[in-house]
Amino acid sequence: MPRFSVGQTFVALFLAANLWASAALPVAHAADYSKEHPLKVALVVHGFLGDKSFMDSAAAGLEKAKAELPVDVK
Numbered sequence: 002m003p004r005f006s007v008g009q010t011f012v013a014l015f016l017a018a019n020l021w022a023s024a025a026l027p028v029a030h031a032a033d034y035s036k037e038h039p040l041k042v043a044l045v046v047h048g049f050l051g052d053k054s055f056m057d058s059a060a061a062g063l064e065k066a067k068a069e070l071p072v073d074v075k
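Here the sequence shown is numbered in my numbering, starting from 2 and rising by one per residue.
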């Protein structure tokens, strides 16, 4: 039977508690947001846009969300 160290046991309990807590939290639904009360969204990039990297894809998705959803983009 394998024995676990105190640190491994602590990490396992910590992860299990976080999983339980995140499942217990209420979920915000799209119906909770409107043009009067939009969801606030920001894109933080480390580097530059325009080099056809993942950041450009994220920026394009953010622009699409701005056009189609009730979001306030910063």
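Every residue gets a Cβ at the ideal spot worked out from N, C-alpha and C, and that includes glycine.
Item: Considering just the uninterrupted stretch of the beta strand (DSSP E) at D73, what are its terminal residues?; Value: V72 to V74
Item: Identify whether V108 lies in helix, strand or coil by the three-state DSSP scheme.; Value: Outside the displayed range of the chain (2 to 75) lies residue 108, so it cannot be described from this structure.
Item: For A66, which residues in the same chain have their Cβ closer than 8 Å to its Cβ, ignoring the five residues on either side in sequence?; Value: V42, V72 and V74
Item: Take A59 as the anchor and find which of L44, G48 and F49 has the nearest alpha-carbon.; Value: L44
Item: Would DSSP call K41 helix, strand or coil?; Value: strand
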